[in-house]
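Number of protein chains: 2
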Amino acid sequence: MSGKRSPARRPTMKDIARHAGVSQSAVSFALNGRPGVSEDTRDRVRQVAEELGWRPSTAARALSGEGAATVGFVLARPADTLGVDSFFLQLVSGIQEVLAERHLGLLFQVVEDVADECAVYRRWWAEHRVDGVLVVDPRTDDPRPDLLDELGLPAVVIGGAPDERHPGLSTVWADDAGAMASVVDGLYALGHRRIVHIAGLPGLAHTERRIRTLRAEAGRRGLSEVRSVTTDYSDAEGAAVTRRVLEDPAPPTALIYDNDVMAVAGAAAAAELGFSVPADVSVVSWEDSALCRMVKPWLSALSRDSAEFGRTAARELTALVDGGSARAVRVPVPRLVERGSTGVARGV
Amino acid sequence: MSGKRSPARRPTMKDIARHAGVSQSAVSFALNGRPGVSEDTRDRVRQVAEELGWRPSTAARALSGEGAATVGFVLARPADTLGVDSFFLQLVSGIQEVLAERHLGLLFQVVEDVADECAVYRRWWAEHRVDGVLVVDPRTDDPRPDLLDELGLPAVVIGGAPDERHPGLSTVWADDAGAMASVVDGLYALGHRRIVHIAGLPGLAHTERRIRTLRAEAGRRGLSEVRSVTTDYSDAEGAAVTRRVLEDPAPPTALIYDNDVMAVAGAAAAAELGFSVPADVSVVSWEDSALCRMVKPWLSALSRDSAEFGRTAARELTALVDGGSARAVRVPVPRLVERGSTGVARGV
DNA sequence: CGGTGATCCTAATGCGCATTAGTCACTAAT
DNA sequence: ATTAGTGACTAATGCGCATTAGGATCACCG
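Those protein sequence lines, which keep their order, are chains A and B.
Counting in the numbering used here, the first sequence runs from 90 upward without gaps.
Counting in the numbering used here, the second sequence runs from 90 upward without gaps.
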């Protein structure tokens with residue numbers, strides 16, 4: 090056996106050129122499908138490259154203007170809010186599927202807030218690190234689209250409604266408004282008149298959209314005891330808000346939670362207060378995951394295909410990076426999966 | 090207002106040189122703390138760089154031999170197993186904290202299996218994309234250390250015991266054996282004699298380590314009805330195995346689950362079968378998270394600081410990349426947080 | 001007053017690749 | 001038979017940075 094194995098050296102185009110007995114430019118032409126070499130030579134070069142296990146250095150590629158072959162993804166959430174969120178891992182896993190096919194890397198970063206996120210975009214841009222970014226958690230007053238415009242960095246906004254002020258950004262979104270309307274429809278049909286929506290972070294575009302829709306739907310039906318309460322998405326706040334609203338003299342008969350974590354925590358809190366689900370109070374989760382099937386009764390939930398969401402977003406971004414023009418893509422409205430946590434309102 | 094804003098151009102060292110009235114090399118010296126420029130010039134250059142918002146192009150840096158300023162992280166898990174895992178997000182968030190300080194990027198990829206993972210390492214190496222990698226889920230018969238040795242790619246193995254055959258790899262691990270011993274100690278003291286360990290994926294180093302330790306501890310105390318069952322970490326298998334073992338004529342009085350997801354699902358399954366927790370059966374989760382406090386009774390759990398785990402691993406990797414030598418670092422043994430799911434064994 | 005270092009800079013080179021501008025041999029056309 | 005044209009290459013250049021090899025200027029010493 091040999092002793093210490095010397096770390097392998099990366100083969101370069103020069104090595105290929107030497108082995109194949111051609112110039113380095115010929116290798117470049119051959120490998121990139123450019124004209125200027127005969128088919129014979131092209132094949133030979135390809136074969137040598139294969140044998141040597143050559144891969145283009147992304148650094149060199151990026152330097153000669155070809156882009157970094159990488160896209161960025163920033164998650165702006167305080168570290169302690171990261172908890173048990175199934176949505177993002179699913180999303181990322183979908184994103185990866187598409188990127189991997191095209192050998193694009195995913196640069197990932199977790200930061201505290203949107204200001205930091207903007208700083209990251211600036212840095213990535215200046216450092217020539219990414220060809221585009223995926224933006225999540227769009228806000229009602231969001232500095233990111235302007236910044237990305239300014240930097241000329243291709244971007245896809247995930248989960249935000251299209252914004253005509255930023256024609257350069259692609260958008261992938263679900264129609265929360267429609268989903269909210271259908272949930273309210275369903276609850277109304279079951280006799281529910283007092284409904285509380287335990288929403289997510291205030292300022293997020295989809296939070297506000299859901300709140301607005303709920304208010305509109307309530308108004309349309311003349312329901313005065315329908316409202317939204319914003320939270321930080323944590324199980325703690327989900328439970329706390331649940332306790333608070335159920336201790337009201339006229340407690341709601343239905344609760345809509347903006348994510349699975351709060352729904353589960355809220356259902357548990359309700360049970361502790363002596364409220365039976367769904368006899369006393371119905372519960373709907375705006376995110377489906379294994380979590381919803383870990384409690385009894387299983388939670389009715391709005392189910393969407395988060396991985397597919399990610400795939401779609403990644404596809405849009407690659408299209409944009411390749412020079413395509415921005416589009417607004419709608420993914421299917423989440424579907425309500427009825428389980429044991431929703432039922433006829435008490436007293437109907 | 091101006092019409093279409095032209096996308097900003099990235100400033101380069103040449104721009105700085107021009108503005109500061111010095112040569113490009115002087116700029117390089119100044120900015121990198123190399124000798125060869127006066128303090129005056131250095132300050133002036135720094136200021137101009139600041140004004141222009143200059144950041145070094147990682148591509149160019151990497152090309153001139155400085156490394157890619159990026160580390161890699163591959164998660165080899167079938168997409169559908171990704172579910173509700175809190176450990177990885179916490180871990181990644183800790184990793185990021187350390188990397189962000191040093192302006193290192195994190196290249197992240199999800200793949201199906203270890204073979205794909207190896208392919209990713211090869212590609213990253215050949216493409217010059219990363220300076221080092223973080224390896225998770227070490228296995229008993231693992232091809233990755235050999236590969237990383239061969240490529241000369243600095244790496245930190247997270248969660249594996251040190252392996253003297255790979256002196257080039259750093260290791261960050263917790264003493265699962267000690268933790269397992271203490272859990273068994275505790276259960277034994279409460280009178281438990283029939284214990285089932287619902288373990289994670291077979292082949293993972295820490296799974297096997299826990300199984301071995303459990304067997305050893307049982308042997309030491311002459312307990313014959315103690316065993317481990319491996320699973321895929323999913324809530325479904327956790328529940329299924331729980332049902333199977335509890336339907337035994339002599340069911341266990343204590344269950345140890347290798348993660349929080351299975352523990353919660355298992356506790357629910359036990360309840361459905363009419364087993365009361367902890368009166369009929371005690372439950373311990375080998376991972377603490379919000380999940381453990383979403384069910385009643387709250388689950389006793391082995392709690393560790395996953396973010397700190399990540400920080401430690403990232404620090405070791407940066408040290409390694411900077412030319413330091415490999416080390417084996419032990420993080421604190423997870424601490425058992427006693428909640429409502431563990432109690433005196435039935436009939437004691 | 002010529003030499004000897006320091007000090008502070010500039011010029012030039014290379015990293016791995018894409019690309020543009022030649023070069024050369026050979027064929028078709030005038 | 002000279003020229004224009006074409007196919008198949010090679011040489012040379014630049015991307016943005018680090019680095020090495022050279023100047024130029026000045027102070028100090030014998």
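Cβ atoms here follow ideal geometry from the backbone N, Cα and C, with glycine treated the same way.
Fair warning: this is a prediction, and the values are worked out from it, not measured in the lab.
Residues in the same chain with beta-carbon distance under 8 Å from Glu314 (chain B), minus the five sequence neighbours each way, listed in chain order, please.
Start at 1 with the first residue of the second sequence, and residue 314 (chain B) comes out as number 225. Once the five neighbours on either side are set aside, the close Cβ partners of Glu314 (chain B) are Arg282, Arg283, Ile284, Ala339 and Pro341.
I'd like the ranges of any alpha helix (DSSP H) spanning at least 4 consecutive residues and lying wholly in the stretch 274-329 of chain B.
294-310
By the DSSP assignment, the alpha helix (DSSP H) with Arg233 (chain B) in it spans what residues?
The residue you call residue 233 (chain B) lines up with position 144 of the second sequence. Arg233 to Leu240 is the span of the alpha helix (DSSP H), which, as asked, contains Arg233 (chain B).
What residues match up with Val420 (chain A) in a beta bridge as DSSP calls it?
The residue given as residue 420 (chain A) occupies position 331 in the first sequence. Partner(s): A:Ala263.
Hey, would you say Leu242 (chain A) sits closer than 8 Å to Tyr277 (chain A), going by beta carbons?
Locating residue 242 (chain A) in the first sequence gives position 153, counting from the first residue. Locating residue 277 (chain A) in the first sequence gives position 188, counting from the first residue. Going by C-beta atoms, Leu242 (chain A) is not nearer than 8 Å to Tyr277 (chain A).
By Cβ distance below 6 Å, which residues in the same chain neighbour Ser395 (chain A) in space, the five residues on each side in sequence not counted?
Residue mapping note: residue 395 (chain A) aligns to position 306 of the first sequence, counting from 1. Cβ neighbours of Ser395 (chain A) beyond the five flanking positions: Phe176, Gln179 and Leu180.
Report the three-state DSSP secondary structure of Phe364 (chain A) (helix, strand or coil).
Position 275 of the first sequence, counting from 1, holds the residue named residue 364 (chain A). Three-state DSSP puts Phe364 (chain A) in coil, outside helix and strand.
On the three-pair Cβ rule with 8 Å, is the stretch 194-214 of chain A touching the stretch 130-141 of chain A?
With a cut-off of 8 Å, the stretch 130-141 of chain A and the stretch 194-214 of chain A do not count as touching, because too few Cβ pairs lie within range.
Tell me, please, whether the CB atom of Arg212 (chain B) is closer than 8 Å to any CB atom in chain A?
Taking the second sequence and counting its residues from 1, the one referred to as residue 212 (chain B) is at position 123. Yes, its Cβ sits closer than 8 Å to a Cβ of chain A.
Between the alpha carbons of Glu140 (chain B) and Ala288 (chain B), how many angstroms are there, rounded?
Taking the first residue of the second sequence as 1, we reach residue 140 (chain B) at position 51. Taking the first residue of the second sequence as 1, we reach residue 288 (chain B) at position 199. One C-alpha to the other measures close to 57 Å.
Do we get a CB-CB distance below 8 Å when we pair Phe398 (chain B) with the residues of chain A?
Start at 1 with the first residue of the second sequence, and residue 398 (chain B) comes out as number 309. Not closer than 8 Å to any Cβ of chain A, the Cβ of Phe398 (chain B) fails to qualify, so no.
Please compile the residues from chain B whose C-beta is within a distance smaller than 7 Å of the C-beta of His217 (chain A).
Here residue 217 (chain A) is taken as the residue at index 128 of the first sequence, counted from 1. Correct list: Arg99, Ser146, Thr147 and Ala148.
Okay, do the stretch 210-225 of chain B and the stretch 141-155 of chain A touch, 3+ Cβ pairs below 8 Å being the bar?
yes
Since Val370 (chain A) and Leu344 (chain A) should fall inside the 8 Å C-beta cutoff, what is the C-beta to C-beta distance between them, to a whole number of angstroms?
Within the first sequence, numbered from 1, the residue matching residue 370 (chain A) stands at position 281. Within the first sequence, numbered from 1, the residue matching residue 344 (chain A) stands at position 255. Yes, they are in contact, since the Cβ atoms of Val370 (chain A) and Leu344 (chain A) sit about 6 Å apart, within 8 Å.
If you follow the beta strand (DSSP E) that Val187 (chain B) is in, where does it begin and where does it stop?
For the purposes of this step, residue 187 (chain B) is taken as residue 98 along the second sequence, with counting starting at 1. That residue, Val187 (chain B), is in no beta strand (DSSP E); its alpha helix (DSSP H) goes Ser175 to Glu190.
Starting from the C-beta of Thr229 (chain B), find all residues in its chain whose C-beta is less than 7 Å away, skip the five residues before and the five after it, and write them out in chain order.
The residue given as residue 229 (chain B) occupies position 140 in the second sequence. If we look at Thr229 (chain B) and ignore the five residues flanking it on each side, its Cβ neighbours are Gly292, Ala294 and Glu297.
So, under 8 Å CB-CB, Arg233 (chain B) and Glu206 (chain B) are touching, yes? Tell me the CB distance rounded to an integer number of Å.
Counting from one through the second sequence, the residue named residue 233 (chain B) turns up at place 144. Counting from one through the second sequence, the residue named residue 206 (chain B) turns up at place 117. Right, their Cβ atoms sit about 7 Å apart.
Throw me the rounded Cβ distance for the Ala360 (chain B) and Val353 (chain B) pair, which I believe falls under 8 Å.
Numbered from 1 along the second sequence, position 271 holds the residue referred to as residue 360 (chain B). Numbered from 1 along the second sequence, position 264 holds the residue referred to as residue 353 (chain B). That pair is no contact at about 11 Å.
Quick check on Arg424 (chain B): buried or exposed, where buried means 16 or more other Cβ atoms within 10 Å of its Cβ?
What you label residue 424 (chain B) is simply residue 335 of the second sequence in a count that begins at 1. Classification of Arg424 (chain B): exposed, given that the 10 Å Cβ count is below 16.
What does the Cβ neighbour count give for Gly249 (chain B), buried or exposed, with the cut at 16 atoms within 10 Å?
Counting from 1 along the second sequence, the entry for residue 249 (chain B) is found at position 160. Classification for Gly249 (chain B): buried.
Say the cut is 7 Å; is the CB of Leu236 (chain A) nearer than that to a heavy atom of the ligand MG?
Among the components of this structure there are no ligands whatsoever, and the ligand MG is therefore not found.
Anything in the stretch 187-201 of chain B with a Cβ closer than 9 Å to a Cβ of chain A? List those residues in chain order, please.
Leu188, Ala189, His192, Gly194, Leu195, Leu196, Phe197, Gln198, Val199 and Val200
Apply the 10 Å Cβ neighbour rule to Ser112 (chain A) and answer buried if 16 or more other Cβ atoms are within range, or exposed otherwise.
On the first sequence, position 23 is the one that residue 112 (chain A) refers to. Ser112 (chain A) should be labelled exposed.
Please report the residue range of the alpha helix (DSSP H) in which Val410 (chain A) lies.
Along the first sequence, read from residue 1 onward, the residue named residue 410 (chain A) stands at position 321. First-last of the alpha helix (DSSP H) with Val410 (chain A): Ser395 to Val410.
Report the three-state DSSP secondary structure of Gly432 (chain A) (helix, strand or coil).
Along the first sequence, read from residue 1 onward, the residue named residue 432 (chain A) stands at position 343. Residue state, collapsed to three classes: coil.
Relative to the C-alpha of Thr431 (chain A), which candidate in A:Thr302, A:Glu376 and A:Leu279 has its C-alpha closest?
In the first sequence, counting from the first residue as 1, residue 431 (chain A) sits at position 342. Ranking the options by Cα distance to Thr431 (chain A), first place goes to A:Leu279.
Would you mind working out which of A:Pro167, A:Ser153 and A:Ala189 sits nearest Val160 (chain A), comparing C-alpha positions?
For the purposes of this step, residue 160 (chain A) is taken as the residue at position 71 of the first sequence. For the residues A:Pro167, A:Ser153 and A:Ala189, the minimum Cα distance to Val160 (chain A) belongs to A:Ala189.
Check the DSSP bridge columns for Arg228 (chain B) and list the partner residues they point to.
Residue 228 (chain B) sits at position 139 when you count from the first residue of the second sequence. Partner(s): B:Leu293.
From which residue to which residue does the alpha helix (DSSP H) around Ala204 (chain A) run?
Taking the first sequence and counting its residues from 1, the one referred to as residue 204 (chain A) is at position 115. Residues Val203 to Ala215.
With DSSP as the reference, label Leu388 (chain A) as helix, strand or coil.
On the first sequence, position 299 is the one that residue 388 (chain A) refers to. The answer is coil: DSSP assigns Leu388 (chain A) none of H, G, I, E or B.
From B:Leu406, B:Ala417 and B:Tyr346, pick the residue whose C-alpha is nearest to that of Leu388 (chain B); which is it?
Position 299 of the second sequence holds residue 388 (chain B). Comparing Cα positions, the closest option is B:Tyr346.
In chain A, which residues lie less than 7 Å from Gly432 (chain B) when you measure between Cβ atoms?
Start at 1 with the first residue of the second sequence, and residue 432 (chain B) comes out as number 343. Here the premise fails: no neighbours, minimum Cβ distance about 20 Å.
Thinking Val372 (chain B) and Ala356 (chain B) are a contact (beta carbons under 8 Å), I'd like their distance in whole angstroms, please.
Locating residue 372 (chain B) in the second sequence gives position 283, where the first residue counts as 1. Locating residue 356 (chain B) in the second sequence gives position 267, where the first residue counts as 1. Indeed, because the Cβ distance is near 5 Å, the residues count as touching under 8 Å.
Do three or more CB pairs link the stretch 396-405 of chain A to the stretch 372-384 of chain A at distances below 8 Å?
By the Cβ criterion, the stretch 396-405 of chain A is not in contact with the stretch 372-384 of chain A, since fewer than three pairs of Cβ atoms, one from each stretch, lie closer than 8 Å.
Check Ala339 (chain A) in the structure and name its three-state DSSP category.
On the first sequence, residue 339 (chain A) is found 250 positions in, with the first residue counted as 1. Three-state result, Ala339 (chain A): coil.
Tell me the residue span of the alpha helix (DSSP H) that contains Leu106 (chain A).
Indexing the first sequence from 1 puts residue 106 (chain A) at position 17. Note on identity: in this sequence residue 106 (chain A) is Ala, with Leu being the wrong assignment. Per DSSP, Ala106 (chain A) belongs to the alpha helix (DSSP H) from Met102 to Ala109.
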